[in-house]
Each structure stands twice: as structure tokens, then as C-alpha cells.
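If you read the sequence shown in the UniProt record's numbering, its first letter stands for residue 895, the second for the next number, and so on.
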Amino acid sequence: LAKQTGRNRYQLFDTEIDRAARQHREQLARLQQALQQDEFCLFYQPKVDLRHGAVVGVEALLRWQHPERGLLPPGEFLGQVHGGELERPLGEWVMEAALNQLETWANQGMDLPISINISATHLLQPGFSEHLADSLARHPRVAPTRLELEVLETSALGEMQQAVAVLERCMALGVQFALDDFGTGYSSLTYLRKLPVATLKIDQSFVRDMLVDPDDLSIVKGVIELAHAFHREVIAEGVESLEHGARLHAMGCHQVQGYGIARPMPAEALPAWRAQWQAGQAWLHLDTD
Ligand code: C2E
Ligand code: MG
Ligand code: MG
Ligand code: MG
């Protein structure tokens, strides 16, 4: 009897794995279809420089306009893409969409750099820098310095020498790099010394609680000082209040991004928001010097 039950249990387990695998395949097929049917879009979140209060760029954030479920954030679907076959086509779609947007803005006389998120596994695939070069060449009106690539600190650093080589090839094209979610990875110091990244992006988990959690405040302070010591730009993400902004400014943080300034928005909403921001100049009140 025990044997029998064991076998049944095994079979049950087997079917569950089958079902999960089938579900995963179906979801991937649906994502593939979404890509073909142009259901993805980019939202843009402004970055503000604390030294003068101006909008200095935007981060492009992927959204899936799902016909039934509405607008989905990357947390709802990116996990299935990560490390799989779709990672590269989706990443290339994002790059193309951002370059198209930069071209539109260039034609309108709007000069705002765009940062896109690149997964480290995509970045390290053979041919990444060549594809980037091709994409830039297909957008001759776009200055390559207008494009920044945000790479996650943790995953980017596995294949160090390879990563440095790719970064250098991309930088030779004029493109800049930022290390995203900085502080959540490890070996930051050694890698920072070797990686030619222009900007450190302090992870929002530290920023969020820095006003109430002394440990988080120390980490934020530490990253800012590290950036100064290594002559890098430093930006804090997840800035939700004026008080966060004021403290970050006082600690020498260069730039901020977060709901306290603006939520990610469609490209069409940016010019009006920017005009309003510049008229209000809310963050200029932070000036301490
Ligand atoms: P990330 O690159 O660290 O982007 C910041 C995330 O924090 C975004 O979430 C943004 O909407 C959110 N955020 C911004 N300000 C605040 C704030 O003040 N408070 C809070 N609570 N959240 C804030 P989102 O758009 O859901 O993206 C999540 C992550 O998905 C991104 O984190 C990035 O790692 C990834 N991602 C987004 N777009 C792409 C993409 O095109 N390609 C790839 N590979 N990854 C992407
Ligand atoms: Mg990012
Ligand atoms: Mg981040
Ligand atoms: Mg993040």
C-alpha cells in the first residue's frame, strides 16, 4: 500500500511539474505574441539634478499594455523573460523604442537623454556592442551620448573581464553606463574600481527608509562618498518626499528620481510636466549654498 501511495504521489508531483512547465511555455508564447503585436511600451521617469533643479534625463521603464489585464509593470512578466530566449528580442525592442523616441525629440528640438535598463545576461551575449552600433547608425539624428545603459550591479559583475570589454566597446560608441540598484550586490569596491561606469544608482530600498533607519542612512551616505571618491555621478532612486531630497542634497547626492518628483509617464506627457516643473522649480528651495 505504501508503495502504491508513493507512486501516486510521484505521479501527482509529475503532473504538477508538467502543468507548471506548460504554463511557462504558454506565458512565453503570449509574451512573444505581445512583442509581435506591439503591446509593449515605454514609460519615462524624470531625473532631476539637485545642484540646479533641472530635469537632466529620463529612465525608460517597460510596460505591457495587456488587452485584458491593462497596463502591466515589469514585475508582472519580466521574471519569465530573464535568462531565456525572449530576453534579447525584448531588450532590442526597448533599445529601438528608446532610440526612436530620442529621434522624435531631436526633431522637436527636445534634448533629453534616455536611460534604458539592460539585463547583464543580454549585455554579455555575443554581438551586443555590434548591435548597439548598428542601432545607433540607423538613428543618425541621435547623439550616442543621449543614451545611457543601466545595468544591475549584482548580475553584471559575474564575468568581470568580459563585462569590462563590452562596456569599453559600447563607451567607444559614446554611450554611458550606470550601475543600477547599487549597494544590493557585493564586492562593490573592487568592481567599481575596474568598471568604467559614469554613474552609481543607489537602490531605492536604502533610500526609502533612510529617514527612519540609521543603517540605511549610513549605506546611502557611504555610496555617495564612494561616488565622490571615484569621481562618479551618483543618483538616488525611490525619492518619495521633499525631505528625502533635502537630506540627499545635504549629503552631496547629485541627482534624484522618484515618485516625489514624478511617476513614470508616457512620452507625450513629458513636455507639459517638464514645463510645469521648471515653472515651479520646487527643488531649487533645497539650495543650501
Ligand atoms: P529599476 O531600474 O531600479 O527602476 C526603478 C523602479 O522603481 C521602477 O519600477 C519605478 O517605477 C520604481 N520607482 C520609481 N520611483 C519610485 C518611488 O519613489 N517609489 C517606489 N516605490 N518605486 C519607485 P518598474 O517600472 O516597475 O520597474 C521595475 C524594474 O524592472 C526596474 O527597476 C528594472 O530593473 C526592470 N525594468 C524596467 N524596465 C526594464 C527594461 O526595459 N528592461 C529590463 N531588462 N528591465 C527593466
Ligand atoms: Mg533602472
Ligand atoms: Mg534601480
Ligand atoms: Mg530596482
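We put the CB at the ideal spot given by N, CA and C, even for glycine.
Residue i classed as buried or exposed, judged by whether at least 16 other C-beta atoms fall within 10 angstroms
i	result
Ala928	buried
Ala1031	exposed
Asp912	exposed
Leu996	buried
His1143	buried
Asn1001	exposed
Arg1035	exposed
Val1106	exposed
Pro1108	exposed
Leu1083	exposed
Glu953	buried
Asp1074	buried
Gln931	exposed
Pro967	exposed
Ala1166	exposed
Pro1158	buried
Gln917	exposed
Arg1141	buried
Gly1152	buried
Ala915	exposed
Distance CB(residue i)-CB(residue j) smaller than 8 angstroms
i	j	result
Ala1066	Ala1092	no
Gly1154	Glu1127	no
Glu1042	Gln1070	yes
Glu1044	Ser1009	yes
Leu1017	Val988	no
Gln939	Ala1163	no
Lys941	Gln1172	no
His1033	Glu986	no
Gly951	Leu993	no
Gln959	Gln921	no
Pro1090	Glu1062	yes
Asp1103	Asp1097	no
Ser1029	Glu981	no
Residue of the options minimising C-alpha distance to residue i
i	options	result
Gln1056	Thr1015, Gly1077, Leu1094	Thr1015
Gly1079	Ser1029, Asn1001, Leu1046, His1033	Leu1046
Ala1130	Lys1095, Ser1029, His1025, Ile1008	Lys1095
Ser1023	Leu980, Gly1003, Gly1068	Gly1068
Arg924	His1125, Leu972, Pro1160	Leu972
Ser1013	Gly977, Trp999, Met1004	Gly977
Gly1174	Thr909, Gly947, Arg919	Gly947
Thr1039	Gln930, Glu981, Cys1064	Cys1064
Ala1169	Met1004, Gly1077, Arg1141	Met1004
His1125	Trp999, Ala914, Leu1086	Leu1086
Trp999	Glu981, Ala1037, Ser1029	Ala1037
Ala1123	Glu1137, Gly1146, Ser1112, Leu1136	Gly1146
Glu1119	Gly1077, Leu1136, Gly1152	Gly1077
Leu984	Ser1099, Leu1136, Leu955	Leu955
residue 1198	Ser1112, Arg919, Lys1115	In the structure displayed, the chain extends from 895 to 1183; residue 1198 sits before or after that span and is not available.
Cβ-Cβ separation, residue j to residue i (assumed contact under 8 angstroms), whole Å
i	j	result
Gly1139	Val1101	Not quite, the Cβ-Cβ distance comes to about 10 angstroms (not below 8 angstroms), so this is no contact.
Pro1160	Phe937	6 angstroms
Lys1088	Val1058	6 angstroms
Leu944	Arg957	Not quite, the Cβ-Cβ distance comes to about 28 angstroms (not below 8 angstroms), so this is no contact.
Test: residue i CB closer than 8 angstroms to a CB of chain C
i	result
Gln921	Structure shown: chain C not included; a single protein chain is present.
Residue i beta carbon near ligand 5 (any heavy atom closer than 7 angstroms)
i	result
Asp1074	Annotation note on ligand 5: not contained in the displayed structure, which lists ligand 1, ligand 2, ligand 3 and ligand 4 as its ligands.
query: What beta strand (DSSP E) runs, 3 residues minimum, are completely inside the segment 1143-1169?
result: As far as the segment 1143-1169 is concerned, its whole beta strand (DSSP E) runs of at least 3 residues are 1149-1151.
task: Go through the segment 1023-1065 residue by residue and report every complete run of the beta strand (DSSP E) that reaches 3 residues or more, in order.
output: Runs of the beta strand (DSSP E) spanning 3 or more residues and lying entirely within the segment 1023-1065 occur at 1041-1046, in chain order.
Segments of 4+ residues assigned as alpha helix (DSSP H) that fall wholly inside the segment 926-986: The qualifying runs are 972-975.
query: In the segment 1069-1133, which residue ranges form an unbroken alpha helix (DSSP H) of at least 4 residues, counting only runs that do not cross its ends?
result: Complete alpha helix (DSSP H) runs here, min 4: 1082-1088, 1098-1103, 1108-1123.
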